[in-house]
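Quick note, the sequences are listed as chains A and B, same order.
Its first residue numbered 8, the first sequence is counted upward by one per residue in our numbering.
Its first residue numbered 9, the second sequence is counted upward by one per residue in our numbering.
From the three backbone atoms N, C-alpha and C, an ideal C-beta is built for every residue, glycine too.
In this text the structure is predicted, and so the values were computed from the model without any measurement.
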Amino acid sequence: DTAVSQTPKYLVTQMGNDKSIKCEQNLGHDTMYWYKQDSKKFLKIMFSYNNKELIINETVPNRFSPKSPDKAHLNLHINSLELGDSAVYFCASSQVRDPYEQYFGPGTRLTVT
Amino acid sequence: AQSVTQLDSQVPVFEEAPVELRCNYSSSVSVYLFWYVQYPNQGLQLLLKYLSGSTLVKGINGFEAEFNKSQTSFHLRKPSVHISDTAEYFCAVSPSKRGYQKVTFGTGTKLQVIP
Numbered sequence: 008d009t010a011v012s013q014t015p016k017y018l019v020t021q022m023g024n025d026k027s028i029k030c031e032q033n034l035g036h037d038t039m040y041w042y043k044q045d046s047k048k049f050l051k052i053m054f055s056y057n058n059k060e061l062i063i064n065e066t067v068p069n070r071f072s073p074k075s076p077d078k079a080h081l082n083l084h085i086n087s088l089e090l091g092d093s094a095v096y097f098c099a100s101s102q103v104r105d106p107y108e109q110y111f112g113p114g115t116r117l118t119v120t
Numbered sequence: 009a010q011s012v013t014q015l016d017s018q019v020p021v022f023e024e025a026p027v028e029l030r031c032n033y034s035s036s037v038s039v040y041l042f043w044y045v046q047y048p049n050q051g052l053q054l055l056l057k058y059l060s061g062s063t064l065v066k067g068i069n070g071f072e073a074e075f076n077k078s079q080t081s082f083h084l085r086k087p088s089v090h091i092s093d094t095a096e097y098f099c100a101v102s103p104s105k106r107g108y109q110k111v112t113f114g115t116g117t118k119l120q121v122i123p
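If you want it as structure tokens, here you go:
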């Protein structure tokens, strides 16, 4: 009965590779997010989707491409991985009428070597 | 634009002692304020939120926070901490406008409860 799930939990890969992280929520929420948390625990919004439409796109390199096949899923694809992409990536979801109560997934720790 | 400053990166406190985690914000518009908690190896969980009304907000696990507009602060308090409160705590702010608004997080305060 996990609310927001992410796969994989850990991802170790080499520079230049392409990888994807998947996120699914079973809360019936209509808004989903991707956050990046760096080594100093700083948490920054990357993208937000509402009903499969992109509503927030922060200044993220275009190597990062989110995809939302339906309201319950928001995947993150990263091309040409760089060392600086190493971080923990969190998926979250909420209702658009209450965007402040966000439910976070457990995170995906990405390590680029 | 909004910003959040959490003045302490780490706060050690003995079990059953009171604790205050400090948060100050900066904004040119009215804001909503939040505290989230992140337990080790987990995602963030909403602890409490201030949207309007009483400036003293009570949250889960016995935590409370007070919104002080004149001091632009939203400090988090608990009168008696438990070992299980050991976690990272994030203060966050968002413009108080209709529709989706970006939530900006502080850099976190690690609460270490000492037995």
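Below 8 Å, can you find three or more Cβ-Cβ pairs linking the region 74-81 of chain B to the region 25-37 of chain B?
yes
Are the region 79-89 of chain A and the region 58-66 of chain B touching by the rule of at least three beta carbon pairs closer than 8 Å?
no
Using 10 angstroms around the beta-carbon of A/Gly23, count the other beta-carbons present and answer buried if the total reaches 16, otherwise exposed.
On the first sequence, position 16 is the one that residue 23 of chain A refers to. With fewer than 16 Cβ atoms within 10 Å of its Cβ, A/Gly23 is classed as exposed.
When you check each C-beta in the region 38-54 of chain B against every C-beta of chain A, which residues fall closer than 9 Å?
Tyr40, Phe42, Tyr44, Gln46, Asn49, Gln50, Gly51, Leu52, Gln53, Leu54
In terms of residue numbering, what span does the beta strand (DSSP E) encompassing A/Arg84 cover?
Against the first sequence, residue 84 of chain A aligns to sequence position 77. The question names Arg, but residue 84 of chain A is His in the sequence shown. That run of the beta strand (DSSP E) goes 80-85.
Got a sec: is the Cβ-Cβ distance from B/Thr94 to anything in chain A below 7 Å?
Here residue 94 of chain B is taken as the residue at index 86 of the second sequence, counted from 1. No, its Cβ sits nowhere closer than 7 Å to a Cβ of chain A.
Output the distance between the C-alpha atoms of A/Leu18 and B/Asn76, rounded to the nearest integer angstrom.
If you number the first sequence from 1, residue 18 of chain A lands on position 11. If you number the second sequence from 1, residue 76 of chain B lands on position 68. A/Leu18 and B/Asn76: Cα-Cα distance of roughly 42 Å.
Just to confirm my understanding: we take B/Ser104, look at its own chain, exclude 5 residues before and 5 after, and list those with CB closer than 6 Å. What are they?
On the second sequence, position 96 is the one that residue 104 of chain B refers to. Correct list, in chain order: Ser38, Val39, Tyr40.
Which chain A residues sit within Cβ distance under 9 Å of B/Ser102?
For the purposes of this step, residue 102 of chain B is taken as the residue at position 94 of the second sequence. Within 9 Å Cβ-Cβ: Pro106, Tyr107.
Could you list which residues in chain B have their beta carbon closer than 9 Å to that of A/Ile52, in chain order?
In the first sequence, counting from the first residue as 1, residue 52 of chain A sits at position 45. Those are Lys110, Val111, Thr112, Phe113, listed as they occur along chain B.
Euclidean distance between Cα positions of A/Val67 and B/Asn69
Mapped onto the first sequence, residue 67 of chain A falls at position 60. Mapped onto the second sequence, residue 69 of chain B falls at position 61. If you take the alpha carbons of A/Val67 and B/Asn69, they lie about 36 Å apart.
Tell me, please, which residues DSSP counts as bridged to A/Arg104.
As a working mapping, residue 104 of chain A is identified with position 97 in the first sequence. A/Arg104 is not bridged to any residue.
Look up A/Pro73 in the DSSP assignment and give the residues it is bridged to.
The residue you call residue 73 of chain A lines up with position 66 of the first sequence. Paired residues: A/Leu83.
Under 7 Å Cβ-Cβ, which residues of chain A neighbour B/Gly116?
On the second sequence, position 108 is the one that residue 116 of chain B refers to. Per Cβ cutoff of 7 Å: Lys48.
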